[in-house]
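S.K.:
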Amino acid sequence: MSELQISPGSVRDDLRTEPRLVRGIIIAIALIFLTVFVVLPLVVVFAQAFSRGIGAYVAALSDPEALSAIRLTLCVAAISVSLNLVFGLVAAWAIAKFDFRGKTFLISLIDLPFSVSPVISGLVFVLLFGAQGYWGPWLQSHNVHVLFAVPGIALATIFVTFPFVARALIPLMQEQGTQEEEAAISLGASGLQTFFRVTLPNIKWGVLYGVLLSNARAMGEFGAVSVVSGHIRGETNTMPLLVEILYNEYQFVSSFAIASLLALLALITLVAKTILERHLDEGQLPRGD
Amino acid sequence: MNGIWTKGNFRVAIEVKNIVKRFGAFAALDGVDLKAANGELLALLGPSGSGKTTLLRIIAGLDWPDAGEVSFDGENALAHGAGERHVGFVFQHYALFRHMTVFENVAFGLRVQPRAIRKDETGIRRRVKELLDLVQLDWLADRYPSQLSGGQRQRIALARALAIEPRILLLDEPFGALDAKVRKELRQWLRSLHQEINVTSIFVTHDQEEALEVANRVVVMDKGRIEQIGTPGDVYDNPATAFVHSFIGESIVLPVEVCDGCVRLGGRALNIAANGLASGPSKLFVRRHDMQVGPAGSGALEGAVRHVRTFGPIQRAEVALSGGESVIEIDAPRDRELKAGDIVGLQPRRYRIFAATE
Chain G
82 MSELQISPGS VRDDLRTEPR LVRGIIIAIA LIFLTVFVVL PLVVVFAQAF SRGIGAYVAA
142 LSDPEALSAI RLTLCVAAIS VSLNLVFGLV AAWAIAKFDF RGKTFLISLI DLPFSVSPVI
202 SGLVFVLLFG AQGYWGPWLQ SHNVHVLFAV PGIALATIFV TFPFVARALI PLMQEQGTQE
262 EEAAISLGAS GLQTFFRVTL PNIKWGVLYG VLLSNARAMG EFGAVSVVSG HIRGETNTMP
322 LLVEILYNEY QFVSSFAIAS LLALLALITL VAKTILERHL DEGQLPRGD
Chain R
57 MNGIWTKGNF RVAIEVKNIV KRFGAFAALD GVDLKAANGE LLALLGPSGS GKTTLLRIIA
117 GLDWPDAGEV SFDGENALAH GAGERHVGFV FQHYALFRHM TVFENVAFGL RVQPRAIRKD
177 ETGIRRRVKE LLDLVQLDWL ADRYPSQLSG GQRQRIALAR ALAIEPRILL LDEPFGALDA
237 KVRKELRQWL RSLHQEINVT SIFVTHDQEE ALEVANRVVV MDKGRIEQIG TPGDVYDNPA
297 TAFVHSFIGE SIVLPVEVCD GCVRLGGRAL NIAANGLASG PSKLFVRRHD MQVGPAGSGA
357 LEGAVRHVRT FGPIQRAEVA LSGGESVIEI DAPRDRELKA GDIVGLQPRR YRIFAATE
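Quick note, the sequences are listed as chains G and R, same order. For the first sequence, the working numbering begins at 82 and goes up steadily by one. For the second sequence, the working numbering begins at 57 and goes up steadily by one.
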């Protein structure tokens, strides 16, 4: 290519975008902000965790209390994610595929956990299941422990993470409409066959996306869980709760060691989210053509 | 190819009685009666909102009527859900399963059959191959729906619907989403396919040309009611109502007054019979090409030619009628030269008069 052909392009580029200096300043501001508020904290977490060497790090993580917290967190996440997967699917299905009274109300209700402070979410369960709560005395007389036990933590986590799957699926299912389902039904498929062969494959990336975000929040939830947990050591402390307790007891290495696991989870989530988003975009664009 | 259709596939007629369907206060269908004979290819023709798609969906079992009966071959169809009616339904936007290949789309109806009657894998493969051959798209078996053109998607949707050996075939605006050229080709193709497979079929369209060209009989609908059922020739030549006359073919419509058997336009008596219509405000319908052009004073109407356009075998003239404000367009053969400014006499060769309802 000759220079003549290149120069008009570069002139137009200068006209079309901001001057180089302005561009540089904007990018620099964004980078500094990201470094100070995102990258630096992340680095500090890992630096603190390893400040006394790998041995101390491993010891911190293999402490019985830490192991118990990790186990509890995984268990609660598994419960709340799988239940929210079902609830989210049902809610999204109802909203996207049927018309009924109060649909808009239901949609805003699904968002409620996002707009309520997590502490309030926890308190709601204390009011319901606590010793002075509505169902507390009855549950106590039947020897069922909800509050300050795994069920309470799971309930609070389910409440807080409920919107993720539904939110990921509603727009996707609305866009896809009901025609493919109708086609499947008219071809003789049963309701279950239609769901597993037509609906689910069409929304699988959306489902995974919702599950991923829901899981990240479930493992990281602090406020709501803190209210209902009771902080019984080795029993009802999840990882985020244990981080705070250890920190308050000046056990920085142990505290940051567990925090580093949560940070690692965040990084993995981020990568997985990016991959899933790519798949979701592909699903919406026509293949080939 | 005929072999796959005759086996275990007994012929069914469709009967629809007094179907009513409301969406809130809006009556989508308001007492519809319809019968389709075995092997017929029926068109439901009407403007959008006339209830034709709703009727089709009710026959398929995708919607339920508020009142009325649907029966296939004398057997109550409303007792069965969509999946048990053995109806092949082709959706307007095809509704192909986007995550399945063309092959799997066509095979779907075979794969979801109860285990007792389901074909084995070889049987399914053979059947899908037959269907893809039938729609002449066997070379697309491994593609995904998004990689097909509109016309190809349409034919795959049809093959998929035919896979279950449907008792009846229903098509919702089968050519609606296609461009004009593909449309024409598919029309002829659908008609010959119907002859080949001979399944009782109903298709919905808002395009009169499509209905008249493809169907054995045409059902003209408006505002949730059936206006007329007849052969394409019938509904064109003998429209039963003013709506049918104005909806099918292009018509000249003139507001007239019927009084004691005579017809007046703007106070002037026209030299045509009222055909027994009761006195009152009425509408005179004449096809453009049924208006005979003669010298001034030769017909029931008279007017001044304002503009002439010539194309193909006809010339289309815009004529301002004297004694009224009406301007009409007529189609005249080219043997008689017309030009702007001519005063001509016009005589309707064929016409119909309907009482003005609104």
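Here a beta-carbon is modelled for each residue, glycine too, at the ideal position from N, C-alpha and C.
1) Within 10 Å of its beta-carbon, does R:Ile75 have 16 or more other beta-carbons around it, so buried, or fewer, so exposed?
2) Excluding the 5 residues flanking G:Ala177 on each side, which residues of the same chain have their C-beta closer than 7 Å to its C-beta?
3) In whole angstroms, what is the alpha-carbon distance linking R:Leu97 and R:Asp290?
4) Consider the Cβ of G:Glu363: report whether some Cβ of chain R lies at a distance smaller than 7 Å.
5) So G:Val288 contacts chain R; which residues on that side make the cut at Cβ distance below 9 Å?
6) Beta-carbon of R:Leu134 versus every beta-carbon of chain G: anything under 7 Å?
7) Measure the C-alpha to C-alpha separation of R:Asp194 and R:Phe410 and round it to an integer number of angstroms.
8) Between G:Asn296, G:Gln332, G:His360 and G:Pro321, which lies nearest to G:Leu164 when the distance is taken from Cα to Cα?
9) Going along the region 272-298 of chain G in order, which residues come within less than 8 Å of chain R, judged by CB to CB distance?
10) Pick helix, strand or coil for G:Phe303, following the three-state DSSP scheme.
11) Please report whether the beta-carbon of G:Ala264 lies at a distance below 7 Å from any beta-carbon of chain R.
12) Which bits of chain R does G:Gly203 rub up against, with CB to CB less than 7 Å?
13) Starting from R:Ile220, find everything on chain C with Cβ-Cβ shorter than 7 Å and list it in chain order.
14) What residue does the beta strand (DSSP E) around R:Glu358 start on, and which one ends it?
15) Excluding the 5 residues flanking G:Ala353 on each side, which residues of the same chain have their C-beta closer than 7 Å to its C-beta?
16) For G:Glu261, which residues in chain R fall below 7 Å Cβ to Cβ?
17) Taking C-beta pairs closer than 8 Å, name the residues in chain G that R:Gly139 reaches, listed in chain order.
18) Check the C-beta distance from G:Ala305 over to G:Gly203 and give it rounded, since I have them as a contact under 8 Å.
19) Among the candidates G:Leu166, G:His226, G:Ile266 and G:Leu228, whose CA atom is the shortest distance from the CA of G:Ala299?
20) Using the beta-carbon of each residue, which ones in chain G are nearer than 8 Å to R:Val291?
21) List the endpoints of the continuous beta strand (DSSP E) containing R:Lys77.
22) So, are the CB atoms of R:Phe299 and R:Asp316 less than 7 Å apart?
23) If you draw a straight line from the alpha carbon of R:Val361 to that of R:Leu377, how long is it in whole angstroms?
24) Run the CB neighbour count on G:Asn329, radius 10 Å, all protein chains shown included, and call it buried at 16 or more, exposed below.
25) For the alpha helix (DSSP H) containing R:Lys175, list its first residue and its last residue.
26) Roughly how many angstroms lie between the CA atoms of G:Gly315 and G:Tyr215, to the nearest whole one?
27) Is it right to say R:His142 is buried, meaning 16 or more other beta carbons lie within 10 angstroms of its own, or is it exposed?
28) Using the three-state DSSP reduction, which class does G:Ala247 fall into: helix, strand or coil?
29) Could you say which of R:Pro311, R:Pro295 and R:Val312 lies nearest to R:Ile304 if we only look at CA atoms?
30) Quick one: what's got a C-beta closer than 6 Å to G:Thr242's C-beta in the same chain, skipping five residues either side?
31) Between R:Arg343 and R:Arg406, how many whole angstroms is the CB-CB distance? I'm expecting something under 8 Å.
32) Within the region 308-361 of chain G, note down every full alpha helix (DSSP H) run reaching 4 residues or more, in order along the chain.
33) Starting from R:Arg209 and walking both ways along the alpha helix (DSSP H), at which residues does that stretch end?
34) In the DSSP assignment, what are the bridge partners of R:Phe259?
35) State the DSSP-derived secondary structure class of G:Asn165, mapped to helix, strand or coil.
36) Can you tell me whether R:His301 is buried or exposed? The criterion is at least 16 other CB atoms within 10 Å of its CB, across all chains shown.
M.R.: Reading it off the structure:
1) That one is buried.
2) Excluding positions up to five away in sequence, the list reads Ile251, Met254 and Gln255.
3) The alpha-carbon separation between R:Leu97 and R:Asp290 amounts to approximately 16 Å.
4) So no, G:Glu363 is outside the interface.
5) The premise fails here: G:Val288 is roughly 13 Å from chain R at the closest Cβ pair, so nothing lies under 9 Å.
6) Using a CB distance cut-off of 7 Å, R:Leu134 does not count as an interface residue toward chain G.
7) Those two C-alpha atoms are separated by around 53 Å.
8) Ranked by Cα distance from G:Leu164, the first of G:Asn296, G:Gln332, G:His360 and G:Pro321 is G:Asn296.
9) Residues passing the 8 Å Cβ filter: Gln274, Arg278, Val279, Pro282 and Asn283.
10) In the three-state scheme derived from DSSP, where H, G and I count as helix and E and B as strand, G:Phe303 is classed as coil.
11) G:Ala264 counts as touching chain R.
12) Those do not exist, as G:Gly203 stays about 41 Å from chain R at its closest Cβ, beyond 7 Å.
13) No chain C appears in this structure, whose protein chains are G and R.
14) Residues Leu357 to Phe367.
15) Excluding residues within five positions, the ones whose Cβ falls inside 7 Å are Leu293.
16) Going along chain R in sequence order, the residues near G:Glu261 (Cβ under 7 Å) are Ala151 and Phe153.
17) Near R:Gly139 (Cβ distances below 8 Å), the residues of chain G are Ile266, Ser267, Leu268, Gly269, Ala270 and Ser271.
18) Rounded, the Cβ-Cβ distance is 4 Å, consistent with contact.
19) Put simply, of G:Leu166, G:His226, G:Ile266 and G:Leu228 the residue whose alpha carbon is nearest the alpha carbon of G:Ala299 is G:Leu166.
20) Within chain G, no residue has its CB atom less than 8 Å from the CB of R:Val291, the nearest being about 29 Å off.
21) Element bounds for R:Lys77: Ile70 to Phe79.
22) Going by C-beta atoms, R:Phe299 is not nearer than 7 Å to R:Asp316.
23) Going from the Cα of R:Val361 to the Cα of R:Leu377 covers about 9 Å.
24) Answer is exposed; the Cβ neighbour count stays below 16.
25) It is not in any alpha helix (DSSP H) - R:Lys175 carries neither H nor E in the DSSP assignment.
26) It is roughly 28 Å from the alpha-carbon of G:Gly315 to the alpha-carbon of G:Tyr215.
27) Per the 10 Å Cβ criterion, buried.
28) It is helical.
29) Taking only the C-alpha atoms, the option nearest R:Ile304 is R:Pro295.
30) For G:Thr242, where only same-chain residues beyond five positions count, the Cβ hits under 6 Å are Ser161, Asn165, Ser295, Arg298 and Ala299.
31) At roughly 7 Å, the Cβ-Cβ gap stays under 8 Å, so R:Arg343 and R:Arg406 are in contact.
32) Runs of alpha helix (DSSP H) with 4 or more residues, each lying fully within the region 308-361 of chain G, are found at 320-329, listed in chain order.
33) Per DSSP, R:Arg209 belongs to the alpha helix (DSSP H) from Gly206 to Leu218.
34) DSSP links R:Phe259 through a beta bridge to R:Ala99 and R:Leu227.
35) It is helical.
36) Residue environment for R:His301: buried (at least 16 other C-beta atoms within 10 angstroms of its C-beta).
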